Amino acid sequence: MKIALASDHAGYELKKEIIIYLQSEGLENKDFGCYSKESVDYADFAEKAVRQVVSGKFDRAILICGTGIGMSLAANKFRGIRATLCCDAYMAEMSRKHNNSNCLTMGGRILPADEAVYIVEIWLNTEFEGERHQKRLDKISKIEEMNFKPVK
Numbered sequence: 578m579k580i581a582l583a584s585d586h587a588g589y590e591l592k593k594e595i596i597i598y599l600q601s602e603g604l605e606n607k608d609f610g611c612y613s614k615e616s617v618d619y620a621d622f623a624e625k626a627v628r629q630v631v632s633g634k635f636d637r638a639i640l641i642c643g644t645g646i647g648m649s650l651a652a653n654k655f656r657g658i659r660a661t662l663c664c665d666a667y668m669a670e671m672s673r674k675h676n677n678s679n680c681l682t683m684g685g686r687i688l689p690a691d692e693a694v695y696i697v698e699i700w701l702n703t704e705f706e707g708e709r710h711q712k713r714l715d716k717i718s719k720i721e722e723m724n725f726k727p728v729k
């Protein structure tokens, strides 16, 4: 599994901890910025990572800003992205089981590193259940088709 990561300045430190975890698990990953605590706009970096998932070059994305809300808003503007803001392990599990989340967002100012790493672990290792949940995702895809042009 290939993971694209991005953060803004408020998520920078937590992103570094997540990268250490991914590397320890032998998971291929790439950091699409930002690369310091200098103030930046989260949408710029969400776009860089999410485009990698949309293009099929990466399987999933992990995005971190101060609360995770901004990254979630930006990521969900892309067709085919199911970005889920997760503040605990249960949300991470359900986001995969029921929503087949391909983009995890978290808050660097909300979560301690050990909790965030556990959320990532659960999110990466939980399978989508399909069946009745796929029917619901198909409805979301139809809404996307009506409202979003394909990404080029």
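Heads up, the sequence shown stops at 729 in this note's numbering, and the numbers go up one at a time, no gaps. We put the CB at the ideal spot given by N, CA and C, even for glycine. Fair warning: this is a prediction, and the values are worked out from it, not measured in the lab.
- Within a 10 Å sphere around the beta-carbon of residue 592 sit 16 or more other beta-carbons, which makes this residue buried.
- Here the C-alpha atom of residue 683 lies approximately 27 Å from the C-alpha atom of residue 719.
- A check of alpha carbon separations from residue 648 across 698, 637 and 661 identifies 661 as the nearest.
- Residue environment for residue 685: buried (at least 16 other C-beta atoms within 10 angstroms of its C-beta).
- Going by DSSP, residue 688 is part of no alpha helix (DSSP H) at all; its letter is neither H nor E.
- Residue 631 is not a Cβ neighbour of residue 640, given a cutoff of 9 Å.
- For residue 624, the uninterrupted alpha helix (DSSP H) run begins and ends at 619–631, by DSSP.
- Contact check for residue 579 and residue 602: beta-carbon distance about 13 Å, past the 8 Å limit, so the pair fails to qualify.
- Taken through DSSP and simplified to helix, strand or coil, residue 709 comes out as helix.
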